[in-house]
Every structure is written in C-alpha cells, then in structure tokens.
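Undergrad:
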C-alpha cells in the first residue's frame, strides 16, 4: 500500500500533467501513487492524457488513469474525487485530491506523512489574491485558507466534499468547508509550517 494516493483531476489541457506528475516523480519519498481522473468527453483529449502518462510512467507503475467524465457533473473535480474513492481506486494510507495545475515541492510526501493525525495541512504558494505575484498562504482549517491540493486526509477518515459548488461558473469553497467540517467533527489535525504546494 502506498503512503499517499494522489487523485489528479485533469480536464482539457493534458500538457499540465508534465508539471504536476513531474513534481510527484521528484518526491524525496517515493512511496505514493497517482491516478489521473480524465474529466473530459473527447476521446482524442483522453488519448493525449494517456500518451503523456505512459511517457512519464517509466515502467514503475505508480501512474495510472481512469476516465471519470460524466456529463451530469461536467468538470466537477469534487465529484470525480468521490467517484474514485467510492470505487476503491485510492489505495494509499492518505488521500490527496490534486489538481492538474498544481506543483508539489519534493518534500511534500515526506513531510506531510510524518503525522499521526487524521488530517494534515501545509501552507501553499499561490497568486489567487494578488494576480501575478506569488505569495505564501498560511493555511488553517478555515474555509478561506484551504485548497484541496494542500491537505491530506487518512483514507479511512475520508468524508469527501459535502459542500459542492452548484454554480459551475462560480468559485467553490468546498475545499475549506470539507476541512472545517472534519475539524468540527473531531478529527485530529496537524499543520506543517512550510509552503509545500504551488497552485494556479
């Protein structure tokens, strides 16, 4: 069993996978696997995803993919993560709901899995609040401070994203709300005071 299963939601830009999967391959702790959830209806786009994954896999088998597209949910990454967990695809001790536009610093798996808690959060680098300028987000279990890319939850404690975005044209706070619910439900949590993820 790997320490961490990354559920990588990927939409219409397969080329993003070079960055996010490349960052996983460079982890100092190699005990992980990644499942790319192909969230796109076009067969050629799915095939482009597949070619990139095959090229990066290098024979070690840690990278795989599943077509998760469902027209009822469009590109909803929250639904795709839950779909994957419900089907038993996430085998790791920890689950990370990753995005195809994220990048994990090499120490992410090593640092995040040292915890004996149920939920682990790290800081992240983002430009969400200041367009064009990267800044460190000091993340806490509050809805405005968490992105799905920068926390791990133990597989047996997975509750998914109960607060999904119903307006697909607007922002979603499902990431932080899920973490907030876990904390309010009594999950023991840790905070790693390092920006171990770059997002957007």
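In my numbering, the protein residues as written are -6 to 193. Ideal Cβ positions, reconstructed from N, Cα and C, are used throughout, including at glycine. Treat the numbers as computed from the prediction; the structure is a model and nothing was measured.
Which two residues bound the contiguous alpha helix (DSSP H) that contains residue 2?
TA: From DSSP, residue 2 is part of no alpha helix (DSSP H) but of the beta strand (DSSP E) over -3 to 3.
Undergrad: Measuring alpha carbon to alpha carbon, tell me which of 154, 187, 96 and 183 ends up nearest residue 75.
TA: Nearest C-alpha to residue 75: 154.
Undergrad: Extract the residue ranges of the beta strand (DSSP E) inside the stretch 75 to 161, only unbroken runs of 3 or more that lie entirely within it.
TA: For the stretch 75 to 161, whole beta strand (DSSP E) runs of length 3 or above, ordered along the chain, are 87 to 92, 95 to 97, 112 to 119, 128 to 130 and 144 to 147.
Undergrad: Examine the Cβ distances between the stretch -5 to 2 and the stretch 86 to 95 and report whether three or more of them are shorter than 8 Å.
TA: They touch, by the three-pair rule.
Undergrad: Measuring only the C-alpha atoms, how far is residue 173 from residue 135?
TA: Distance between the alpha carbons of residue 173 and residue 135: 6 Å.
Undergrad: How far does the alpha helix (DSSP H) with residue 16 in it reach, from first residue to last?
TA: 10 to 18 is the span of the alpha helix (DSSP H), which, as asked, contains residue 16.
Undergrad: Measure from the alpha carbon of residue 116 to the alpha carbon of each residue in 108, 131, 127 and 105, then state which is nearest.
TA: Minimum Cα distance to residue 116 is reached at 131.
Undergrad: Thinking C-alpha only, which one of 69, 170 and 91 is nearest residue 178?
TA: Measuring from the Cα of residue 178, the nearest candidate turns out to be 170.
Undergrad: Taking the C-alpha atoms as reference points, what is the distance between residue 93 and residue 4?
TA: When rounded, the distance between both Cα atoms is 8 Å.
Undergrad: Tell whether a beta-carbon distance below 7 Å holds between residue 20 and residue 99.
TA: Contact: yes.
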